[in-house]
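> Here my numbering is used: the first residue of the sequence shown is -8, the next is one more, and so on.
From the three backbone atoms N, C-alpha and C, an ideal C-beta is built for every residue, glycine too.
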Amino acid sequence: MADMAVPTSQAGTTGQARATSQAGTSSQAGTSIRAAAPSEAAQCAIRVRGLRKQYQGATAVAGIDLDIERGEIFALLGPNGAGKTTTIEILEGHRRRDAGEVSVLGADPARADRAWRARIGVVPQTQTRTGELTVREMVSHFGAYFPDPRETDKVLDAVGLSKQAGTRLRRLSGGQLRRVDVAVGIVGRPELLFLDEPTTGFDPQARRRFWDLIAGLADDGTTILLTTHYLDEAATLASRVGVLAGGRMVAVGTPADLGRTDADSTNDADSTNAAGGTGGTDATSTVSWRAADGMRSVRTATPTQCVLALAREAGTEIPGLTVTRPSLEDRYLELIGASENGAER
Ligand code: ATP
């Protein structure tokens, strides 16, 4: 693996390219969604079947399946209390499960040994730190636990803490402390990195820099499982995302494909004009234009065909033409809303 260097490429480009190049099977809302295996189990960094966890009789994880391919960046999304941290802690071997099969880098985390631990990196949601250590001491202290650690100064450079190397932890800001957590997570050169809400408290510039760092690690072959409440972060970085709600995986897919619906609706009765019918399934784009009697719009799975048909009919520029696709945030909110409505019924 190449050593640490913050890549100059934009994480956005890298992430999106990865999203299209990797198998991004998309699944749809339901009670038991399987994060469909992109390839054989042997290639999976993480394989989960029927994972369940209860706390004092209350269900936190209600039977989830998940396959994460080696080298993939997978983002676990979901509202507060959805079960993300519980799931990730079980995969890290930090929490016991009640039921289900779990394989992480070929081992059951509940029984994994020290050699297995050295192959994973963890950035937990909350961290206990020793405030009297300097940033450099902290990172090199953790590096010493690993057989082949990265150079401390290169790690500090990668997370943007070179200037604070000699500063005691108690003097750092919240965002700087979070970067120390990330540095500790990657210093052991992990094959698999767990990041639980890694950029909480980062300023926008630090988040961009972090995205570049994560994309660079993935390009070097590190598998990454992250949870985040920032949907732009998931859309930029992840090859696939999974949405957890009420302990169930309600959708899995590429950020672009996530939550494709069978909805096939128009918000205009005039769907028999040149724009055509909306094509059956996956009506995820909206084509709008100005007709003689006002604005028209149609939802379609084939916006290019729709625009071509409109252009043929118009024979000239189509006034007010726009094509919009739902963002990951639109889809996420739809899925969570549907899940909450289902739970209330
Ligand atoms: P957030 O986005 O707020 O971090 P999350 O998706 O990570 O949420 P979890 O922390 O996994 O969710 O919590 C799932 C459910 O389990 C919640 O209802 C939470 O209250 C409960 N829970 C989590 N940890 C414990 C615990 N140690 N004891 C009892 N209940 C817990």
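What does a CB cutoff of less than 6 Å around Thr370 pick up in its chain, not counting 5 residues either side in sequence?
Residue 370 lies beyond the residue range present for the chain, which begins at -8 and ends at 336; the question has no answer from this structure.
> Specify the secondary structure class of Leu312 as computed by DSSP and reduced to three states.
Looking at Leu312 - three-state DSSP - the assignment turns out to be coil, as it is neither helix nor strand.
> Where Ala302 and Ala292 are concerned, what is the direct C-alpha to C-alpha distance, given to the nearest angstrom?
Ala302 and Ala292: Cα-Cα distance of roughly 18 Å.
> Can you tell me whether Thr291 sits near the ligand ATP, meaning its C-beta is under 8 Å from at least one heavy atom of the ligand?
No.
> Please report the residue range of the beta strand (DSSP E) in which Asp58 lies.
It spans 49 to 60 - the beta strand (DSSP E) in which Asp58 sits, taken as one unbroken run.
> What runs of the alpha helix (DSSP H), each 4 residues or longer, lie entirely inside the segment 61 to 104?
Counting whole runs of 4 or more residues, the segment 61 to 104 contains the alpha helix (DSSP H) stretches 75 to 83.
> Does the ligand ATP have even one heavy atom less than 8 Å from the beta-carbon of Tyr46?
Flag set: Cβ of Tyr46 near the ligand ATP.
> What is the rounded straight-line gap between the Cα of Ala109 and the Cα of Thr214?
So the two alpha carbons sit approximately 14 Å from each other.
> Taking the straight line between their C-alpha atoms, what separation do you get for Asp99 and Leu82?
If you take the alpha carbons of Asp99 and Leu82, they lie about 8 Å apart.
> Would you mind giving the Cβ-Cβ distance between Glu308 and Leu222, rounded to the nearest angstrom? I have them listed as a contact below 8 Å.
The Cβ separation is near 35 Å, so there is no contact.
> The beta strand (DSSP E) spanning Ala247 covers which residue range?
Per DSSP, Ala247 belongs to no beta strand (DSSP E) and is neither H nor E.
> Measure the alpha-carbon distance for Leu67 versus Gly91 and round it to whole angstroms.
C-alpha separation (whole angstroms): 19 Å.
> Grouping DSSP H, G and I as helix and E and B as strand, with all else coil, what is Gln118?
If DSSP states are grouped into helix, strand and coil, Gln118 belongs with coil.
> Does the ligand ATP have even one heavy atom less than 8 Å from the beta-carbon of His85?
For the ligand ATP, not one heavy atom lies less than 8 Å from the Cβ of His85.
> When burial is assigned at 16 or more other CB atoms within 10 Å of the CB, is Leu184 buried or exposed?
By the neighbour-count rule (16 or more Cβ atoms within 10 Å), Leu184 is buried.
> Just to confirm the assignment: which complete beta strand (DSSP E) runs, minimum length 3, are found wholly within the segment 124 to 206?
Fully enclosed beta strand (DSSP E) runs of 3 or longer: 183 to 187.
> Look at the Cβ atom of Gln116, then the Cβ atom of Leu168, and state whether they are nearer than 9 Å.
Cβ distance not < 9 Å, so Gln116 and Leu168 don't count as in contact.
> Please look up how many angstroms separate the CB atoms of Gly69 and Lys75, rounded, as I've assumed it's under 8 Å.
Between Lys75 and Gly69 the Cβ distance is about 5 Å, and since that is below 8 Å, they are a contact.
> Buried or exposed for Gly112, please, with buried defined as at least 16 other CB atoms from any protein chain shown within 10 angstroms of its CB.
That one is buried.
> Give the straight-line distance between the Cα atoms of Ala101 and Arg38, rounded to the nearest whole angstrom.
Ala101 and Arg38: Cα-Cα distance of roughly 14 Å.
> Report all residues from its chain with a CB closer than 7 Å to the CB of Glu80; omit the five preceding and five following residues, and keep chain order.
Same-chain partners within the cutoff: Arg86.
> Among Pro181, Thr125, Asp172, which one has its Cα closest to the Cα of Leu160?
Closest option to Leu160, Cα to Cα, is Thr125.
> Put Ser279 into one of helix, strand or coil per three-state DSSP.
Residue state, collapsed to three classes: strand.
> Candidates Arg162, Gly311, Ala206: which alpha carbon is nearest Gly62's?
Minimum Cα distance to Gly62 is reached at Ala206.
> Out of Arg180, Ala156, Val232, Ala197, which one is the CA nearest neighbour of Asp357?
The structure shown does not extend to residue 357, since the chain is modelled only from -8 to 336, so the question has no answer here.
> Is Asn341 close to the ligand ATP? I mean its beta-carbon at under 8 Å from any heavy atom of the ligand.
Since the first residue of the chain shown is -8 and the last is 336, residue 341 is not available in this structure.
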